[in-house]
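Chemist:
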Amino acid sequence: MEKILPAKDRLLKSKTSRLDGESRGKLIVILCAVIMISATIAITIFLGTKGLQSFTKNGVSILEFLTSTKWNPTDKANPGYGVLPFIFGSFAVTFLSALVAAPLGIGGAIFMTEIAPSWGRKVLQPVVELLVGIPSVVYGFIGLSVLVPFIRENVGGLGFSLLTGTIVLAIMILPTITTIATDAISSLPSHLREGSYALGATRWQTIRKVLIPAAMPSLLTAIILGMARAFGEALAVQMVIGNVRNLPTSILDASATLTTIITLNMGHTTYGSVENNTLWSMGLILLIMSFAFILLIRYLSSRRKLR
Amino acid sequence: MAIQTLTRDIFDVKDLNLWYGDHHALKDIHFPIQKKEVTAMIGPSGCGKSTFLKTLNLMNKMIPNVKITGEVNFDGQNILNPKTDLVELRKHVGMVFQKGNPFPQSIYDNVAYGPRIHGIKKKKHLDEIVTKSLMDVALWDEVKDRLNAPALGLSGGQQQRLCIARALATKPDVLLMDEPTSALDPISTLKIEELIFELKEKYTIVIVTHNMQQAARVSDKTAFFLMGEMIEFDETTKIFSMPKDSRTEDYITGRFG
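Chains as they are written, first to last, in the working numbering: chain R, 1 to 307; chain D, 1001 to 1257.
#1: Could you have a look at residue 1018/D and say whether DSSP puts it in helix, strand or coil?
#2: Which of the three DSSP states, helix, strand or coil, is assigned to residue 1027/D?
#3: State the Cα-Cα distance for the pair residue 184/R and residue 6/R, rounded to the nearest angstrom.
#4: With residue 1219/D and residue 1038/D assumed to form a contact (beta carbons below 8 Å), what rounded beta-carbon distance in angstroms separates them?
#5: According to DSSP, is residue 151/R helix, strand or coil?
#6: Just confirm the distance between the C-beta atoms of residue 1033/D and residue 1052/D, as a whole number of angstroms; I'd bet it's less than 8 Å.
#7: Spell out whether any CB of chain R is found under 7 Å from the CB atom of residue 1091/D.
#8: Taking only runs of the alpha helix (DSSP H) that begin and end inside the region 1170-1241 of chain D, which ones reach a length of at least 4 residues, in chain order?
#9: For residue 1086/D and residue 200/R, what's the separation of their Cα atoms in angstroms?
#10: So if I threshold CB-CB distances at 9 Å, which residues from the region 102-120 of chain R count as touching chain D?
#11: Could you tell me if residue 1244/D is buried or exposed, where buried requires 16 or more neighbouring beta carbons within 10 angstroms of its beta carbon?
#12: Can we say the region 188-202 of chain R touches the region 135-148 of chain R, given the rule of at least three CB pairs closer than 8 Å?
#13: Count the other C-beta atoms from every protein chain shown that fall within 10 angstroms of the C-beta of residue 391/R, then say buried if there are 16 or more, exposed otherwise.
#14: Kindly indicate the opening and closing residues of the alpha helix (DSSP H) around residue 112/R.
#15: Just to confirm my understanding: we take residue 1147/D, look at its own chain, exclude 5 residues before and 5 after, and list those with CB closer than 8 Å. What are they?
#16: Starting from the beta carbon of residue 202/R, find every residue of chain D whose beta carbon is closer than 9 Å, and list them in chain order.
#17: Between which two residues does the beta strand (DSSP E) carrying residue 1068/D extend?
#18: Indicate whether at least one CB of chain R lies closer than 7 Å to the CB of residue 1103/D.
#19: By DSSP's criteria, residue 81/R is part of a beta bridge. Which residues make up the other side?
#20: Could you say if the region 251-259 of chain R and the region 208-220 of chain R meet the contact criterion of at least three C-beta pairs nearer than 8 Å?
#21: I believe residue 180/R touches residue 230/R by the beta-carbon criterion, under 8 Å. Please report the beta-carbon distance rounded to the nearest angstrom.
#22: My assumption, with CB atoms under 8 Å, is that residue 1192/D sits in contact with residue 1181/D. Please give the rounded CB distance.
#23: Looking only at DSSP bridge pairs, what is residue 230/R linked to?
#24: Which of the three DSSP states is assigned to residue 1150/D in this structure?
#25: How many Å lie between residue 1121/D and residue 208/R at the Cα?
#26: So, are the CB atoms of residue 178/R and residue 240/R less than 7 Å apart?
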């Protein structure tokens, strides 16, 4: 007969090899998390110190930086470090492109989930995935060779404009909005649809009065994520927006954004110079904005849980 | 009105067959449902009772590959006719689901949803309907001070009663209930059963239930379903005291299912 060990010996943990694998696995994932967190913290600290140097070391006034429209860092006698036109440009293309892409993306999402879930998804899903896969330089190139002349000839202005940047960005953020909106709507429990249909609602009434309101926090998240992408996009915008220092007065005016000014100037400024430091300050603004977008998304998802 | 006085059967189902793809889910169902009675449907899982219920307001038309033949006459009109106006049908044949499914909106908006989509806009009229519907389900006293609070903040039993109120708000003739208490605790279940008793004064109720005591308690007539067939349909007292079919007897005495 097999000898049975007393319960104390069987149940109390001993430092046997079985637990070694357990702690090794734990160590690996903790390490992954630590690396990710420290990378983020390092970038934030670096950008924070670097971005503040133009104010602390070079004596550029923060107020002037944020509110002046005069950007002339290379003028030795009378330099200007105002980036308001670029802040304005960044916000303008971001909001305008979201304004174009949000209805399109949410409409596409509704089409895929509610109107034609079988073939609509089969056709639109690959299209959206393809849009994600196109590199931003290609978007910029197409914008530059097709959209710029088209707008110059048919709408007016130089062709390099806020409008052109908006259109290019809208197409670029469309997949983000569409994908998240599709997930949001299709993850709504089917009992909401059934409940609405059982009360005699039509499909459109169900979409408009039940599904869209129920998905609203996620839809807003989709739009904000799209905006975050638009705010940070540099290359494609730079190729079509014209990159001038003036505050634009119409959407047909050429303009510039924080990202386009950074990419244009980082190559020819010397590290440590005032101009270079102001570029870092613009980078800091971008970082702060992306934190703001994340906070907004957090706020929305906490509201979603409450409901 | 002429038809209604001629026949007391609000639903008259004849030769109903239903397929989900190749699966023959309902077989030759004949089933009259009388006005202002509670008709219960019992049977083991997958026997077709919920499918049958969902045929009465054509909810299963939304499922792809479903094929329905035969006649489902509502007030003398065959609703399987492809020209049937689903909006109008579902206005008259309300439905309550297994689990309370309020919309993520306020209590008021949930109840007002039906009347609103059917074109009632006046605030005063909507107020009346909401108040009355909530009173009908004995929820009014519990929620009258927080009509604008989110419906999802209510307890499970309250949510289910809210859903019944929501169904009543479109002033239906028939109320279909698909295992309305299966997700509720005994006290909430009792409240819903008491409610069914009161509602049958005004409405025709068809209820699917897994709980045989519930069928015995609340219904006037009971139908026993097995493998897509309706085995027996009679007065509830007869079904539970002297069933004609041995399979019915086996089921209600708990020998299978």
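Glycine residues also receive a C-beta, built at the ideal position from the N, C-alpha and C atoms.
Modeler: Concretely, from the data shown:
#1: Along the second sequence, read from residue 1 onward, the residue named residue 1018/D stands at position 18. Strand at residue 1018/D.
#2: Counting from 1 along the second sequence, the entry for residue 1027/D is found at position 27. Of the three classes helix, strand and coil, the one that applies to residue 1027/D here is strand, per DSSP.
#3: Position 184 of the first sequence, counted from the start, is the residue given in the question as residue 184/R. Position 6 of the first sequence, counted from the start, is the residue given in the question as residue 6/R. Taking the straight line joining both Cα atoms gives about 55 Å.
#4: The sequence position of residue 1219/D within the second sequence is 219, counting from 1. The sequence position of residue 1038/D within the second sequence is 38, counting from 1. Their Cβ separation, rounded to whole angstroms, is 4 Å, which keeps residue 1219/D and residue 1038/D in contact under 8 Å.
#5: As a working mapping, residue 151/R is identified with position 151 in the first sequence. Looking at residue 151/R - three-state DSSP - the assignment turns out to be helix.
#6: Working through the second sequence from its first residue, we reach residue 1033/D at position 33. Working through the second sequence from its first residue, we reach residue 1052/D at position 52. Contact flag wrong, Cβ pair sits at about 11 Å.
#7: Against the second sequence, residue 1091/D aligns to sequence position 91. Answer yes: the Cβ-Cβ gap between residue 1091/D and chain R drops below 7 Å somewhere.
#8: 1186-1199, 1212-1218, 1236-1241
#9: The sequence position of residue 1086/D within the second sequence is 86, counting from 1. The sequence position of residue 200/R within the first sequence is 200, counting from 1. Going by the C-alpha atoms only, they are around 7 Å apart.
#10: 118
#11: Position 244 of the second sequence, counted from the start, is the residue given in the question as residue 1244/D. Looking at its Cβ environment, which holds fewer than 16 other Cβ atoms inside 10 Å, residue 1244/D is exposed.
#12: no
#13: An answer regarding residue 391/R cannot be provided, because it is not within the stretch 1 to 307 covered by chain R.
#14: Counted from its first residue, the first sequence places residue 112/R at position 112. Unbroken run through residue 112/R: none, as it is neither H nor E.
#15: Taking the first residue of the second sequence as 1, we reach residue 1147/D at position 147. Contacts found: 1106, 1107, 1108, 1130.
#16: Indexing the first sequence from 1 puts residue 202/R at position 202. Those within 9 Å of residue 202/R in chain D are 1086, 1087, 1117.
#17: In the second sequence, the residue the question calls residue 1068/D occupies position 68. Here the beta strand (DSSP E) through residue 1068/D covers 1066-1074.
#18: Here residue 1103/D refers to the residue found at position 103 when the second sequence is read from its first residue. It does; some Cβ of chain R falls within 7 Å.
#19: Translated into positions along the first sequence, residue 81/R becomes position 81. In DSSP, residue 81/R forms a bridge with 71/R.
#20: no
#21: As a working mapping, residue 180/R is identified with position 180 in the first sequence. As a working mapping, residue 230/R is identified with position 230 in the first sequence. With a Cβ gap of about 14 Å, residue 180/R and residue 230/R do not count as contacting.
#22: The sequence position of residue 1192/D within the second sequence is 192, counting from 1. The sequence position of residue 1181/D within the second sequence is 181, counting from 1. That pair is a contact at about 5 Å.
#23: Position 230 of the first sequence, counting from 1, holds the residue named residue 230/R. Answer is none; residue 230/R lacks a bridge partner.
#24: Indexing the second sequence from 1 puts residue 1150/D at position 150. Residue 1150/D falls in the strand class under three-state DSSP.
#25: Locating residue 1121/D in the second sequence gives position 121, where the first residue counts as 1. Locating residue 208/R in the first sequence gives position 208, where the first residue counts as 1. In a straight line, the C-alpha of residue 1121/D is about 17 Å away from that of residue 208/R.
#26: For the purposes of this step, residue 178/R is identified with residue 178 of the first sequence, where counting begins at 1. For the purposes of this step, residue 240/R is identified with residue 240 of the first sequence, where counting begins at 1. No, the pair does not count as a contact, with Cβ atoms beyond the cut-off.
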